[in-house]
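The sequence shown: position 50 = 82 (my numbering), numbered continuously.
Take a look at the structure below.
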Amino acid sequence: MLIAHLSDLHLRDHGDVAALEHQLDRIAARQPAHLVITGDLLDRWDPPLLERALDAIVARDLFDADRLTILHGNHDLSSSGGHPRRTSDLWRLVLRFWDPPPLVVARRRRFYEIIEKRGPGVASMAPFVKPLSSGWRIAVIDTVPAFWRPLTVGRQTITVRHAVGCVRERQLEWLNGLDGDGPLLLLVHHFPLDPPQFQWSPTGALRHLVRDVRVPMAIPEKQRQGFWRVAAKAGTRLVLCGHVHRARLEWKDGIPVGLNGQSGADWAGRTIAYYDLARTPLVQVHE
Ligand SMILES: [Fe+2]
């Protein structure tokens with residue numbers, strides 16, 4: 033069974049959707065059993081652009097619950113956008129880097145309404161699980177937090193929290209009580225191991241005020257420990273994720289973790305990752 037994996041496409045305009053269409057053509061030609069998109073399909077909250085991306089998927093007959101699963105990442109719901117291309121993007125990044133939690137919650141609901149309107153079962157508010165005709169099950173856990181406090185300010189250090197992940201206790205309880213005995217493919221947006229944190233040290237006059245700006249990307253370690261304990265018990269055979277803009281396969285307690293956070297990056301060749309679940313040991317193949 034071949035799984036295709038996209039993540040972090042960060043679509044921002046119609047040109048980016050054209051690039052997605054090209055990727056979808058390549059994927060459709062390989063005829064994978066399932067395509068997963070593990071978040072940050074959009075660079076920032078943009079319902080019309082989400083509709084355009086869904087049009088592209090539907091046009092290639094990939095929009096089917098047995099063949100496609102989509103989950104949101106932090107960028108899909110945020111106002112800021114990620115990587116500035118124009119001056120206006122830079123101002124948006126600075127002025128709108130934080131969204132109040134009720135807005136994030138409303139956007140999350142709307143994100144799934146837009147997808148579910150196209151057909152049931154492709155995406156749903158996490159946690160959710162669905163059986164596939166192959167006998168595998170797909171489960172999704174939401175690792176995107178909503179913060180009232182977007183910044184932590186210490187002695188000459190600012191920690192920006194918008195990229196940090198979380199694993200909520202209630203979602204772990206749900207996973208812990210999951211029924212069914214098929215092998216489990218578990219999807220999350222954040223990399224559930226220990227990623228590097230982004231750090232920037234200002235120079236010049238600004239350095240007298242701020243020595244370090246830190247942007248942690250990890251799920252806190254205690255929550256990660258709970259995640260792995262429950263994931264193993266639930267029969268997880270593979271975890272797929274994005275968020276960190278790298279591509280690699282790692283292992284945690286015998287469970288492979290496929291990270292493919294560079295599907296939208298020009299420098300990475302807009303990476304598509306493939307996993308043949310019948311192959312042992314599992315490998316991540318890029319195209
Ligand atoms: Fe991302």
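Even glycine gets a Cβ: it sits at the ideal position worked out from N, Cα and C.
What you are looking at is a predicted structure, and each value in this text was computed from that prediction instead of being measured.
In the displayed model, Pro163 falls within a strand according to three-state DSSP.
Counting along the chain, Trp123 sits inside the alpha helix (DSSP H) bounded by residues 119–127.
Of the other Cβ atoms in all chains shown, fewer than 16 fall within 10 Å of the Cβ of Phe230; this residue is therefore exposed. Annotation for His222 indicates a beta carbon at 7 Å or more from all heavy atoms of ligand 1. Along the stretch 146–234, the beta strand (DSSP E) occurs as fully enclosed runs of 3 or more residues at 160–163, 169–172, 183–186, 189–192, 216–219, 230–232, listed in sequence order.
Annotated as distal: Ala279 and Leu216, with beta-carbon spacing of 8 Å or more. DSSP, reduced to helix, strand and coil, places Ala266 outside both helices and strands of the structure shown, so it counts as coil.
For Leu314, the secondary structure class from DSSP, reduced to helix, strand or coil, is coil. Close to ligand 1, as judged by a C-beta nearer than 5 Å to any of its heavy atoms, are the residues Asp40, Asp72, in chain order.
In this structure Val136 is buried. Its beta-carbon is surrounded by 16 or more other beta-carbon atoms within 10 angstroms.
The DSSP-derived three-state label of Gly71 is coil. Apart from sequence neighbours up to five positions away, the residues of its chain that approach Ala300 with a beta-carbon distance below 6 Å are Gln294, ordered along the chain. The C-alpha of Leu81 lies about 15 Å from the C-alpha of Gly105. A check of alpha carbon separations from Asp244 across His107, Ala50, Gln188 identifies Gln188 as the nearest. DSSP places Glu83 inside the alpha helix (DSSP H), whose first and last residues are 79–91.
Looking at the backbone, the Cα of Ile59 and that of Leu86 are separated by about 15 Å. Only buried fits Ser39, as 16 or more other CB atoms lie within 10 angstroms of its CB. Per the Cβ contact rule, the stretch 112–123 is not in contact with the stretch 162–179 (fewer than 3 Cβ pairs under 8 Å). Comparing alpha carbon positions, the residue from Val49, Gln257, Glu282, Ala88 closest to Cys198 is Gln257.
Annotated as proximal: Pro288 and Leu314, with beta-carbon spacing under 8 Å.
Non-local C-beta neighbours of Leu210 in its own chain, meaning closer than 7 Å and more than five positions away in sequence, comprise Val161, Ala171, Ala266, ordered along the chain. In the DSSP annotation of this structure, His277 is not part of any beta strand (DSSP E), being labelled neither H nor E. His42 is classed as buried because its beta carbon has at least 16 other beta carbons within 10 Å across all chains shown.
Per the coordinates, the alpha-carbon of Ala65 lies some 40 Å from the alpha-carbon of Trp180. His221 is a Cβ neighbour of Leu103, given a cutoff of 8 Å. Ile251 and Leu73 have their alpha carbons spaced roughly 20 Å apart. Within the same chain, Cβ atoms closer than 7 Å to the Cβ of Ala88 are found at Val49, Leu52, Glu53, Leu56, the five residues on either side in sequence being excluded.
DSSP places His66 within a strand segment (E or B) once states are collapsed to three.
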